[in-house]
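Encoded as structure tokens, the structure appears first; notes follow it.
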Amino acid sequence: MTDTQTSRGESDGGLFQAKLFRDFSGTMLWQVLGKLFQVVGMVYATRCLGPDNVGVSRTIITLAMTLQLCLAFGLDAVAVRHVAKGLAKAGEIAPAIFTFRFALGLLAAVLWAVAVLLSDIGGGEKWAWLVGALFLLVCCMDYSWLFQATEQMPRASRFQLVSSVMASLWFILFFKSGQAVGSDLYVLLVANALVVGTVWWRLSRELGFRCLSPARLAGAGKLLREAWLIWLFNLGYYLLANMAQVMTFFIIGKESGGLFGSAQYLVLALQMFLHYFGILMAPRLMVWHKANLAMFRRCVLLIAGGASAVGLVAFVVLWASTDWLYPLLFGEAFASAAGLLPWLVLGKFFAVGTAMFTWGLWAEHRDKLPVLCCLPCCVVSGALYFVLLPKYGNVASAWLTLGAETALLIASAVAFHLAVRRP
């Protein structure tokens, strides 16, 4: 390598580091503002709703997001991989994904609504479940992958900030003690639907594509054939990380589901910071893998190890403070859920390491290994809920969530090490 090539490589590396810092700091700035609004609004809404009503709405949201993931079929990760590696343009893939997901989401929403109408659920709770069908459709129209693929995550964060501000302002201004079941879900539906519609309209104009384009569905089929293993992993991981809410609700009741859901509100606010960090890093890992394997391997290990270490520190801090902080935030009605928070937060930091190893394996085109790591953890933890929840209650949900995250992190680390050992 000549001195000129070395200098150019160092210059490119410096430019990338500067861009990564700008993207990360910009994304986190808007995320911090958005999550501050969201946490304040959600904490206030939770106090107004009470444990039973929170249990209903939190379970509906979790089920809708689980079904959305079932209908996503892993197309996001494959689309990001194609765009980041220069195999396709975002505007060429977007119409196929939008049309495919809109059709599936609409069908799923209709089937959800029919199932609710035929059920024996009554009163306001029935209306909440019906609104959940529309919430599912909005979730299916997720746009974040487009910003991820084009490395514009600060912009995506600004749109997220808008929806958080709208929902939280409504909660704070209009919610009162004894709020009706499902009312928080109505607000979240409207705020997210407005933002999702606006984003897709603007992106279609900027990138020059029509959102609904049945002629592009063949492109979605090609992506689907490549993505099915990634989809299987995403679905398995989401169930592993989020089944606790649904299991708690259906096995030990609405009140316990609401207590667990209060901790989940705070954890999900933290998770979005960590999630966006992973989104920022994912396309860059693809580029590193193509350009510099040594840097790729080193960065995956450093990020995973650093996230786990920070998680342990956060666990200790929360363990020492939640007993007085939790009742202050949610009120005495939720005080018994304080001990759940440290375990759930630690699991989310471990999930960052899992995400890095998983994207590393996808960059290696070893799509089967993440599935083999995830599915056994998901099945074993799912079976243990039926054994441990009736005996130990909510605390078992927190332990099982952390245990599954830990097992998956270790399995993913071993798989990554074996996959990159080759010369």
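Position 347 of the sequence shown, counting from 1, maps to 758 under my numbering, and the rest follow consecutively. Glycine included, every Cβ here is placed at the ideal spot set by N, Cα and C. No experiment lies behind these values; they were computed from the predicted model shown.
For residue 647, the enclosing alpha helix (DSSP H) starts and ends at 628–663. Residue 603 is a Cβ neighbour of residue 549, given a cutoff of 7 Å. Our two residues, residue 565 and residue 725, have alpha carbons roughly 25 Å apart in a direct line. The Cβ-Cβ distance between residue 800 and residue 714 does not fall below 7 Å. When DSSP states are grouped into helix, strand and coil, residue 623 belongs to the coil group.
Taking a 10 Å sphere around the C-beta of residue 582, we find 16 or more other C-beta atoms and assign the residue as buried. For residue 706, the uninterrupted alpha helix (DSSP H) segment begins and ends at 704–741.
DSSP places residue 796 inside the alpha helix (DSSP H), whose first and last residues are 779–803.
In this chain, residue 561 is not harboured by any alpha helix (DSSP H), its DSSP state being neither H nor E. Annotation for residue 500: no alpha helix (DSSP H) segment contains it, and DSSP assigns it neither H nor E.
Of 794, 479, 707, 537, the smallest CA-CA separation from residue 517 is found for 479.
Using a 10 angstroms sphere on the CB of residue 719, the tally of other CB atoms reaches 16 or more, which defines it as buried.
In the same chain as residue 475, and ignoring 5 residues on each side of it, the C-beta atoms closer than 6 Å to its own belong to 543, 546, 547, 550, in chain order. Comparing alpha-carbon positions, the option among 772, 536, 752, 519 lying closest to residue 707 turns out to be 772. The shortest C-alpha to C-alpha distance from residue 554 to any of 712, 763, 610, 522 is the one to 610. Distances from the CA of residue 579 to each of 652, 823, 456 were compared; the closest alpha carbon is that of 456. Secondary structure of residue 591 (DSSP, three-state): coil. Closest by C-alpha distance to residue 824, out of 743, 762, 797, 793, is 762. In the structure shown, residue 484 falls within a coil segment according to DSSP collapsed to helix, strand and coil.
With distances taken between CA atoms, residue 795 lies nearest to 813 out of 784, 778, 781, 813. Counted as a single uninterrupted DSSP element, the alpha helix (DSSP H) harbouring residue 767 occupies residues 751–774. Restricting attention to 488, 657, 520, the CA atom closest to the CA of residue 774 is found in 488.
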